[in-house]
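Single-structure report; data block below.
Numbering (our numbering), first residue to last: 1 to 424.
Below is the structure:
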């Protein structure tokens, strides 16, 4: 695998690079993954027309495949993933910005291409393609309302890059682009195989998700320490939405929830420390999915900055109803692992008719410990997943039921229900 720089040097370079990208484009791609924590007054949220775009999520897994199908895989390492994505963002930008209308392909065609020289990026949830394009500084009008959970860049046979993607409905599509295959191939050659492989190439894993990227060796994964911080989040929410938490109009509901009415909405402080805002009037508007994701990210980042530890907030799911209204779910991420809160998503934003309708957040702060946890190799976890449900896949996550000390575990989730967790 490509030799990654020492952690401190990597972080400094990424911060400097993110700053340079911010000046060159409308906004930094990676600021959310190395957020700046500042005190002082809460900055007003800009109008949608003023929005620049910051990536709200990194891929959960990535693979650089060279000749002969030999693969360099990456997962559960946020710094290395940010470095990889930064390195390929220019060619991804050109591919998304120049893509032609998509044509349908079959799953086996997709799998065949995974074994060819290519770049693979797996987000693990249906991300609007227009949002991904905005994060790399281009428009993708061809995509319409289309979403993609995973993306593949390879050679179209005519000297240009072919963009293939797995749509949110599980179907597969391809687009020809104007991006240069020679340029992409030169970048692919900088990486060396590290034993990673897709499950469909491994006979012992034929029962699990065939497109699961399986690492030969996991990066070191440490224990995590957690704490709650509801009061500071509530104060920032009150300031953001113009609600006076010290006013006389507050009241308590039967379950102990504190309710603070405001001119344009209501703020609730739940007994478990969660904070929720429900709008009653038009206060935050954004028309496109990219703008709605960005507006939600900005609001949540402002709230999160009041109590954040070493974790970040990242977009982890997008759901659209028949009317096109979006429900956005965010998770805390630390070291490339998702914090799996028993209370549900770390944060949620609901848009209706282009207006922010609901915003909720469960304030938790995390820091990495030094104790490395013992985990099953990914191949064994994948085999266990396939034995429980054909097509299932394991995820390495940090279950958080409110404890102070958290241990990483393999989790197999199907239809929103945990079928299996690795025991200590």
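Ideal Cβ positions, reconstructed from N, Cα and C, are used throughout, including at glycine. All figures in this text were calculated on a predicted structure; none of them were measured in a lab.
Does the distance from the C-beta atom of residue 367 to that of residue 225 stay below 7 Å?
Taking 7 Å as the Cβ cut-off, residue 367 and residue 225 qualify as a contacting pair.
So for residue 136, helix, strand or coil by DSSP?
Three-state DSSP puts residue 136 in coil, outside helix and strand.
Rank 240, 403 and 212 by C-alpha distance to the C-alpha of residue 301 and give the top, closest one.
Measuring C-alpha to C-alpha distances from residue 301 to each of 240, 403 and 212 identifies 240 as the nearest.
Quick one: is residue 292 buried, meaning 16 or more other Cβ sit within 10 Å of its Cβ, or exposed?
Buried, since its Cβ has 16 or more Cβ neighbours within 10 Å.
By Cβ distance below 7 Å, which residues in the same chain neighbour residue 179 in space, the five residues on each side in sequence not counted?
The beta carbon of residue 179 lies closer than 7 Å to those of 91, 94, 95, 98, 160 and 161 in the same chain, with the five residues before and after it left out.
Since residue 330 and residue 346 are thought to touch, with beta carbons under 8 Å apart, how far apart are those beta carbons, to the nearest angstrom?
Cβ atoms of residue 330 and residue 346 come within 8 Å of each other, at about 5 Å.
Give, in chain order, every unbroken run of the alpha helix (DSSP H) that is at least 4 residues long and sits entirely within the region 352-399.
Entirely contained in the region 352-399, the alpha helix (DSSP H) runs reaching 4 residues are, in chain order, 378-388.
If you check the beta carbons only, do residue 215 and residue 116 fall under 7 Å apart?
Their beta carbons are not under 7 Å apart, which means residue 215 does not touch residue 116 by this criterion.
Just to confirm, are residue 303 and residue 412 a CB contact at a threshold of 7 Å?
Residue 412 sits away from residue 303, with the two beta carbons spaced by 7 Å or more.
Could you tell me whether the Cβ atoms of residue 276 and residue 268 are closer together than 7 Å?
Remark: C-beta atoms of residue 276 and residue 268 approach each other more closely than 7 Å.
Between the alpha carbons of residue 281 and residue 144, how many angstroms are there, rounded?
Approximately 29 Å between the Cα atoms of the pair.
Take the Cβ of residue 338 as the centre, count every other Cβ of all protein chains shown within 10 Å, and call the residue buried at 16 or more, exposed below.
With 16 or more neighbouring CB atoms inside 10 Å of its own CB, residue 338 falls in the buried class.
Every unbroken alpha helix (DSSP H) within the region 51-113, with a cutoff of 4 residues, ordered by chain:
List check, alpha helix (DSSP H) in window: 78-98.
Taking only the alpha-carbon atoms, compute the straight-line gap between residue 406 and residue 121 and give it to the nearest angstrom.
Roughly 28 Å separates the two Cα atoms.
Is there contact between the region 188-200 and the region 55-67, where contact requires at least three CB pairs shorter than 8 Å?
Yes, they touch.
So the candidates are 392, 404, 402 and 52; which of them puts its Cα closest to the Cα of residue 410?
That would be 392, whose Cα lies nearest to the Cα of residue 410.
Inter-residue Cα distance where the pair is residue 112 and residue 400
Cα to Cα, residue 112 sits roughly 38 Å from residue 400.
Have a look at 297, 230 and 340 and flag the residue whose alpha-carbon is nearest the alpha-carbon of residue 52.
Considering only alpha carbons, the answer is 297.
Assuming residue 208 and residue 386 are in contact, meaning their beta carbons sit under 8 Å apart, how far apart are those beta carbons, in whole angstroms?
Between residue 386 and residue 208 the Cβ distance is about 3 Å, and since that is below 8 Å, they are a contact.
Of the choices 245, 56, 354 and 265, whose alpha-carbon is the least far from that of residue 287?
If we check each option's Cα against that of residue 287, 354 comes out closest.
Restricting to Cα atoms, I'd like to know which of 343, 278, 336 and 54 is closest to residue 137.
That would be 54, whose Cα lies nearest to the Cα of residue 137.
Please determine, among 359, 314 and 358, the residue with the shortest C-alpha to C-alpha distance to residue 340.
With distances taken between Cα atoms, residue 340 lies closest to 314.
For residue 243, I'd like the list of residues in its chain whose CB is within less than 7 Å of its CB, leaving aside the five on either flank, ordered along the chain.
Within the same chain, Cβ atoms closer than 7 Å to the Cβ of residue 243 are found at 260, 262 and 267, the five residues on either side in sequence being excluded.
According to DSSP, is residue 188 helix, strand or coil?
Of the three classes helix, strand and coil, the one that applies to residue 188 here is helix, per DSSP.
For residue 203, three-class secondary structure by DSSP:
Under the three-state reduction of DSSP, residue 203 is assigned to helix.
Boundaries of the beta strand (DSSP E) in which residue 411 is found, first to last residue:
Element bounds for residue 411: 409-414.
When the Cα atoms are used, what is the spatial distance from residue 247 to residue 349?
One C-alpha to the other measures close to 26 Å.
Relative to the C-alpha of residue 362, which residue among 158, 272 and 202 is closest?
Checked all of 158, 272 and 202; the closest Cα to residue 362 is 272.
Could you give the distance in angstroms between the alpha-carbon of residue 23 and the alpha-carbon of residue 265?
Because the pLDDT at residue 23 is just 35, under 50, the model does not fix this residue reliably, and the value given afterwards should be weighed accordingly. Whole-angstrom Cα-Cα distance: 36 Å.
Applying the 10 Å Cβ sphere with the 16-neighbour rule, what's the burial state of residue 221?
Looking at its Cβ environment, which holds 16 or more other Cβ atoms inside 10 Å, residue 221 is buried.
For the candidate residues 131, 108 and 187, whose alpha-carbon lies nearest to that of residue 86?
Comparing alpha-carbon positions, the option among 131, 108 and 187 lying closest to residue 86 turns out to be 187.
What number of angstroms, rounded off, separates the C-alpha of residue 421 from the C-alpha of residue 231?
In a straight line, the C-alpha of residue 421 is about 32 Å away from that of residue 231.
Using a Cβ-Cβ cut-off of 8 Å (strictly less than) and excluding sequence neighbours within five positions of residue 101, which residues of its own chain qualify?
The residues are 142 and 175.
By Cβ distance below 7 Å, which residues in the same chain neighbour residue 310 in space, the five residues on each side in sequence not counted?
Excluding positions up to five away in sequence, the list reads 334, 366, 367 and 368.
What does DSSP give as the partner residue(s) for residue 144 in the beta ladder?
Residue 144 pairs with nothing; no bridge assigned.
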